[in-house]
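So the mapping is simple: our numbering equals the position in the sequence shown, first residue as 1, plus 1.
Have a look at the structure below before the remarks.
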Amino acid sequence: MTDRYAVIGNPIAHSKSPRIHAAFARQSAQDLDYRAILAPLDGFAAAVAQFVASGGRGMNVTVPFKLEAFALADRHTARAEAAGAVNTLKFEQGEILGDNTDGAGLVADLLRNIGCPLAGNRLLLLGAGGAARGVILPLLDQSPASLTVANRTASRAAQLRDAFAGHGNLAALAFAELAGQQFDVVINATSASLAGAAPAIPPGLYAPGSTAYDMMYGRGLTPFLAAAQAQGAGRLADGLGMLVEQAAESFLLWRGVRPDTRPVLAELAGELHRA
Ligand code: ATR
């Protein structure tokens, strides 16, 4: 019988996940069906229960349900625990395992696709919401020289620093306090791009040869990447690769096989007219 998987969110119509997982399944000759499920804003748990009852084996979870998915899971992986949010559910023997593959996806994209080393480098993470929180532990696991979290509202960055105190050395600053420092990798985890804005960070933060990475993606440069280019970042990358890599990490959790992400990423990038 074909194994069933799905991505659940609201809205969900534009999700690329069904295509990504269909490509992974074809490539690895896995017999599975993956579709998109639109859950009502107050109907997440009911929609998951219905999917499980119909034989569902796993789900990806996207906006706005990642916190509810965390609450729903019976067990969590360490990285989901640290993220406080779940983007991948695995249903096994009547139990729900909650995982979070976003941070692993970001790290894989930086290391494998972009060729940007993290070990020994100075990392700056912009933002202190769920997106930032989800990637901190996987970034710390790469043994950077330093990881600094900066946020428009400095107190939220400090909260993250305190939450991860046991996991490694994390600095927390307001944007203005970054002035005078330099970083090798600057990652935008704010939602500023949604409003067509770039985070108001001081100029001069990009070390020679540094990488600017936006967890969002779009057809052209995001506002953050356009600003980074103007400020001298050596390399620009957006979150399309992270999307494909987090999917691959979910696929690995479910199927025990890590798909080859490159052809899938190339196809999606090509559709954005930039292959
Ligand atoms: P998410 O789950 O996507 O991280 P969130 O929890 O609402 O969403 O967090 C949004 C993040 O983007 C926050 O860090 C927010 O900064 P504040 O904590 O100061 O609100 C940041 N953000 C949103 N719009 C921004 C902007 N125009 N400039 C800088 N940061 C912005």
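Note that the Cβ used here is the ideal one computed from N, Cα and C, for glycine as well.
From a predicted model like this one, the values you see are computed outputs, not experimental measurements.
So residue i and residue j are in contact, right, with Cβ under 8 Å, and what is the actual spacing, rounded?
i: ILE137; j: PHE176; result: Rounded, the Cβ-Cβ distance is 18 Å, inconsistent with contact.
i: ALA24; j: LEU33; result: Between LEU33 and ALA24 the Cβ distance is about 12 Å, and since that is not below 8 Å, they are no contact.
i: ASN101; j: GLY135; result: 6 Å
i: ALA248; j: HIS15; result: Wrong, their Cβ atoms sit about 15 Å apart, outside the cutoff.
i: ALA105; j: ARG80; result: 7 Å
Looking at the strands, I want to know which residues DSSP matches up with residue i.
i: GLY10; result: LEU39
i: VAL187; result: LEU125, ALA213
i: MET243; result: Bridge partners of MET243: none, in fact.
i: THR149; result: LEU125, ALA172
i: ILE97; result: PHE92
i: TYR207; result: PHE184
i: ARG5; result: ASP34, GLY57
i: ARG236; result: THR212
Just the C-alpha distance for residue i and residue j, rounded to the nearest angstrom, thanks.
i: VAL186; j: LEU206; result: 10 Å
i: ALA46; j: ASP4; result: 21 Å
i: TRP255; j: ARG58; result: 8 Å
i: PRO224; j: HIS77; result: 35 Å
i: ALA74; j: GLN94; result: 13 Å
i: ASP103; j: GLY210; result: 25 Å
i: SER29; j: SER251; result: 14 Å
i: GLN232; j: PRO200; result: 13 Å
i: LEU237; j: CYS117; result: 11 Å
i: GLY99; j: THR89; result: 6 Å
i: SER147; j: ALA172; result: 8 Å
i: LEU161; j: ALA270; result: 33 Å
i: PHE184; j: ALA208; result: 5 Å
i: MET216; j: SER194; result: 10 Å
i: ALA151; j: ALA159; result: 9 Å
i: ILE13; j: THR154; result: 30 Å
i: ARG113; j: PRO139; result: 15 Å
i: GLY181; j: ILE202; result: 11 Å
i: ALA265; j: ARG123; result: For clarity, residue 265 is Val in the given sequence; the question names Ala instead. Answer to the nearest angstrom: the Cα atoms are 30 Å apart.
i: LEU119; j: ARG259; result: 22 Å
i: GLU272; j: GLY197; result: 22 Å
i: ILE115; j: LEU179; result: 25 Å
i: VAL53; j: SER144; result: 38 Å
i: GLY10; j: PRO41; result: 9 Å
i: ARG157; j: ALA234; result: 26 Å
i: ALA213; j: GLN51; result: 41 Å
i: GLN141; j: LYS67; result: For the record, residue 141 in the displayed sequence is Leu; it is not Gln. Using only the alpha carbons, I get a separation of about 22 Å.
i: HIS168; j: MET2; result: 43 Å
i: VAL8; j: GLU268; result: 20 Å
i: LEU125; j: ARG20; result: 32 Å
i: ALA229; j: SER55; result: 47 Å
i: ILE97; j: PRO204; result: 46 Å
i: ASP43; j: LEU222; result: 35 Å
i: LYS91; j: ASN61; result: 9 Å
i: SER18; j: GLY121; result: 33 Å
i: GLY219; j: HIS274; result: 11 Å
i: ALA133; j: ALA227; result: 20 Å
i: VAL64; j: ARG263; result: 25 Å
i: LEU253; j: GLN31; result: 12 Å
i: ASP261; j: LEU174; result: 38 Å
i: GLU246; j: ASP163; result: 28 Å
i: ALA72; j: TYR6; result: 20 Å
i: THR149; j: ALA70; result: 28 Å
(message) If contact is defined by three or more beta carbon pairs under 8 Å, each pair taking one atom from either stretch, is the region 190–198 in contact with the region 124–138?
(response) yes
(request) Kindly confirm or deny that the region 84–92 and the region 24–39 touch, where touching means at least three C-beta pairs closer than 8 Å. (result) No: the two stretches stay apart, fewer than three of their Cβ pairs being nearer than 8 Å.
(message) Restricting to runs no shorter than 4 residues, where is the alpha helix (DSSP H) found entirely within the region 41–92?
(response) Counting whole runs of 4 or more residues, the region 41–92 contains the alpha helix (DSSP H) stretches 45–54, 67–73, 79–84.
(message) Three or more C-beta pairs under 8 Å: does that hold for the region 233–249 against the region 102–119?
(response) yes
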